[in-house]
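One structure is given below, encoded as structure tokens.
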Amino acid sequence: MPRLTRTKRSPAVLRPAGRRAFLGVLLTFIVASGDWARCWAQSDLQAAEYKVKAAFLYKFAGYVEWPSQVFERPESAFVIGVIGADALGDQLAQIVAGRSIGGRPVAVRTLRRGEPVSGLHILFIGRASGGRPLDVMASAKGRPVLTVTESEDAFALGSMINFVIVEDKVRFDVAPREAELANLKVSARLLSVARKVLAGPS
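In this text, residue positions in the sequence shown follow this note's numbering: the first is 49, and each later residue adds one.
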């Protein structure tokens, strides 16, 4: 009876072409993983940045005076509008839930381009506001609305408060003259903690 001989298998060895293909796939995976990690980190940082900015928006209301006639009734809500930053609007809604400003309930309105700004007391204009912050700013011009932005040329467009990032920290600059033109009064306490206060017309 013939004997069966078991063939000893040698470990799999990648040929040069196969090795190159494998290394290419591995390199692609490593690069993709690095990009994913960076995107995750950036997303995480932006979420933290928006959380701080949202908290500032709520706090600003306590250091700015609005004309009494902007509120129809004693129980009328204090309304903060957000355009071009939906994620910040979500953060803000969480922060103000159950809170009040001057004894008034707080409402957050997320706006889309072209929507009226009537009824707002604070308007935050984010970077994603359709690339036309001037149009949004113009719609609030002359109204008792505190405009808050996060762009480099904001004061040239008439912004009252502008967020800046300094050494990975959220700071803000203030143009009190612009606020005065809208019949708003910014308190000295808020000006004292601003990074920069614009002395005259922007």
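Backbone N, C-alpha and C fix where the C-beta goes; we use that ideal spot for every residue, glycine too.
query	result
Would you check if the distance between the CB atom of arginine 251 and the CB atom of arginine 219 is smaller than 7 Å?	Not covered by the structure: residue 251. The range shown for the chain is 49 to 250.
CB valine 144 to CB tyrosine 106, shorter than 7 Å?	yes
Would you call the region 135 to 151 in contact with the region 160 to 168, where contact means no fewer than 3 C-beta pairs closer than 8 Å?	no
Would you report the Cα separation of leucine 205 and methionine 185, rounded to the nearest angstrom?	7 Å
Rounded to the nearest angstrom, how far is the Cβ of valine 130 from that of phenylalanine 172, given a contact under 8 Å?	5 Å
In this structure, how does DSSP classify aspartate 92 when only helix, strand and coil are distinguished?	helix
Quick one: is glutamate 97 buried, meaning 16 or more other Cβ sit within 10 Å of its Cβ, or exposed?	buried
Take glutamate 226 as the anchor and find which of Ser124, Lys189, Gln117 has the nearest alpha-carbon.	Lys189
Can you tell me where the beta strand (DSSP E) with alanine 155 in it begins and where it stops?	152 to 159
Given that a residue counts as buried once 16 or more other Cβ atoms are within 10 Å of its Cβ, and exposed if not, what is lysine 101?	buried
What distance in whole Å lies between the Cβ atoms of histidine 169 and phenylalanine 203, which are believed to be in contact at a cut-off of 8 Å?	Actually they are not in contact, since the Cβ atoms of phenylalanine 203 and histidine 169 sit about 20 Å apart, beyond 8 Å.
Quick check on the burial criterion: 16 or more other C-beta atoms within 10 angstroms. Buried or exposed for leucine 194?	buried
Helix, strand or coil for phenylalanine 119? Go by DSSP, reduced to three states.	coil
State yes or no: is the C-beta of lysine 217 within less than 7 Å of the C-beta of glutamate 113?	no
What is the rounded straight-line gap between the Cα of serine 148 and the Cα of alanine 155?	9 Å
Taking 8 Å as the limit between beta carbons, can you name the residues of its chain near glutamine 117, skipping five residues before and five after?	none
Quick check on alanine 247: buried or exposed, where buried means 16 or more other Cβ atoms within 10 Å of its Cβ?	exposed
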